[in-house]
Amino acid sequence: MGQKTLAADNDRSYMELFKELHALRRHQEVLLETMGEGVVEADQEGTIVSVNHAALEIFERPKWELVGRPLVSLFREGSRLHLGAILAQLQRGRTPQGTATLSHGERILQLHFTRIGEDWETSGFFMIIQDITALARRIQELSTWNGRLMRLDQLKSDFLGMLSHDLHTPLTAIKGSLDVVLEEEISPELKEELLTIARENTERLFRMLSNILDLVRIEAGRLEVLKEPFDLPLALREAMERLRPMAVKKSLSFNLTLHGPIPLLPADPIRMGQVFVNLFSNAIKFTPPGGVITVEALDRSREVEVIVADSGIGIPQEHLSRVFEKFYRIPIEGERIEGTGLGLAICKAIVEEHGGRIWVKSQIGAGSRFYFTLPKDSGATVRG
């Protein structure tokens, strides 16, 4: 009788224990399913035992496809977890963590590992997952912007140093020339030469200050473009004649070629004049004596394309992507580069404000070709 009673008590104890374990297991499952983080349960070998709903959404796979497969197979080659090291740390009671990228997507995951029980031989571990893709991208964006800001800060520092020199140089030339003209008895020829020097340096100073003011307008989003019917060939010729004395001093050939009639374009004559002068003066500056500068214009189907080509020193490939950056000046070995580094940035802003595009092709020793386009006015009158 006593043995039967003991057996019955044991059966009830086992049943109650089983129910309690089942309730605890069910409570654990509910808890895991309601967690916002993904949770994967794995055994001591790293084989997946179960996954919660959040993990299924992260991995974008059904439960049957995940259970029973190796944990490391979920992650991209090259970013896979060193499972052996993780298991060793778990066995020693530690809680390792790391990041990995999914094998079938771009998601970046933050992973935390923890043992399920004290007895490693009979238990496994949980891998808790947080999708940090958006955070990682934001950090990368911030890092990129920080790098750009640091580079821009350095460029601005270089710009201020350059400005102190390049403002001082023309002012000194202007003052020196005018002092001689006003204070000394000189020949008419020397007087004309000195006044020419003063005028050229005044124009140089004016261009420099105009570029700085335009930069302020561009940065503030207040660059004004007043479009009117624009005679492109005439404007090109006028800009070329304005700069021809600079080309003659270097014995440069400076030619314009029109490929067929060019229509009137909706454009701002003053702003486009800035573009021409900047591109032409750069071509003259970087072309050695005796070289050739060719300006071409051709009518495309929906736009007009202008090409300014020179036989100058060319631009290194590593600098091509930066030539239109503000304050950037292409370095030339052994030479001090004058100018604000704003001309091409302003050209880009003006052309894009007109709805056009600007780009450059170049090769060291073979010169450079600057291209830009302006949208056409389909109802414009054609001029030859």
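Heads up: the sequence shown begins at 284 in the numbering used here, then just goes up one per residue. In this text, a Cβ means the ideal position worked out from N, Cα and C, and glycines have one as well.
Quiz item: Do G321 and A338 come within 8 Å of each other at the CB atom, strictly closer than that value?
Solution: A contact, by the Cβ cut-off of 8 Å.
Quiz item: Say the cut is 7 Å; is the CB of P658 nearer than that to a heavy atom of the ligand ZN?
Solution: Of ligands this structure carries none, so the ligand ZN is not represented either.
Quiz prompt | Backbone CA spacing between H310 and E340 [nearest angstrom] | solution = Annotation note: pLDDT 49 at H310 (below 50); position unreliable, coordinate value reported separately. The straight-line gap separating the alpha-carbon atoms of H310 and E340 is approximately 21 Å.
Practice problem: Put T540 into one of helix, strand or coil per three-state DSSP. | Solution: In the structure shown, T540 adopts extended strand secondary structure according to DSSP, grouped into three states.
Quiz item: Quick one: what's got a C-beta closer than 6 Å to R377's C-beta in the same chain, skipping five residues either side?
Solution: Cβ within range, chain order: n/a, list empty.
Quiz item: Taking contact to mean at least 3 C-beta pairs separated by less than 8 Å, is the stretch 573-592 in contact with the stretch 515-522?
Solution: They touch, by the three-pair rule.
Quiz prompt | Element boundaries [alpha helix (DSSP H), containing G626] | solution = Taken as a continuous stretch (DSSP letters only), the alpha helix (DSSP H) holding G626 covers G626 to E636.
Exercise. Compare the C-alpha of G400 against each of Q327, I457 and E467 and name the closest.
Key: For G400, the nearest C-alpha among the options comes from Q327.
Quiz item: Between M410 and L394, is the Cβ-Cβ spacing less than 8 Å?
Solution: Their beta carbons are under 8 Å apart, which means M410 touches L394 by this criterion.
Quiz item: For the alpha helix (DSSP H) that Q413 lies in, which residues bound it at each end?
Solution: Q413: not part of any alpha helix (DSSP H); member of the beta strand (DSSP E) spanning F408 to D414, first to last residue.
Quiz prompt | Those residues which DSSP pairs with A550 across a bridge | solution = Answer is E511, bridged to A550.
Quiz item: How is the alpha helix (DSSP H) around W403 delimited, first residue to last?
Solution: Neither: W403 is in no alpha helix (DSSP H) and is coded neither H nor E.
Quiz item: What residue from E466, G595, D402 and E586 has the CA that sits closest to A530's CA?
Solution: Closest option to A530, judged by alpha-carbon separation, among E466, G595, D402 and E586: G595.
Practice problem: Would you please state the rounded distance, in angstroms, between the beta carbons of A518 and P552? I believe it to be under 8 Å. | Solution: That pair is a contact at about 6 Å.
Quiz prompt | Burial state of G626, where buried means 16 or more other Cβ atoms lie within 10 Å | solution = That one is buried.
Quiz prompt | DSSP-derived helix/strand/coil call for S604 | solution = Residue state for S604 is assigned as coil, using DSSP reduced to three classes.
Self-check item: Straight-line gap, V508 to R434 (C-alpha atoms, nearest Å)
Solution: Straight-line measurement puts the Cα of R434 at about 30 Å from the Cα of V508.
Self-check item: Burial state of G667, where buried means 16 or more other Cβ atoms lie within 10 Å
Solution: With a pLDDT of 42 at G667, under the threshold of 50, the predicted position of this residue should be treated as unreliable, and no value is reported.
Quiz item: Which residues bound the beta strand (DSSP E) around R487?
Solution: From DSSP, R487 is part of no beta strand (DSSP E) but of the alpha helix (DSSP H) over P471 to E502.
Quiz prompt | Segment contact, 8 Å Cβ cut-off, at least three pairs: the stretch 462-473 with the stretch 498-516 | solution = Taking 8 Å as the limit for Cβ pairs, the verdict is that the stretch 498-516 does not touch the stretch 462-473.
Exercise. Check the C-beta distance from A649 over to G573 and give it rounded, since I have them as a contact under 8 Å.
Key: Taking C-beta atoms under 8 Å as the contact rule, A649 and G573 fail to qualify, at a distance of about 16 Å.
Quiz item: Looking only at DSSP bridge pairs, what is K609 linked to?
Solution: DSSP, once it has assigned bridges, lists no residue as partnering K609.
Self-check item: Whole-Å CB distance - C630 paired with L539, under 8 Å assumed
Solution: With 8 Å as the limit, C630 and L539 do not qualify as a contact, their Cβ atoms being about 18 Å apart.
Quiz item: Leaving out the 5 sequence neighbours to the left and right, which residues in its chain are closer than 7 Å to P599 when beta-carbon positions are compared?
Solution: Here the set comprises I647.
Exercise. Specify the secondary structure class of E466 as computed by DSSP and reduced to three states.
Key: Three-state result, E466: helix.
Quiz item: Straight-line CA distance for V591 to I495?
Solution: Roughly 24 Å separates the two Cα atoms.
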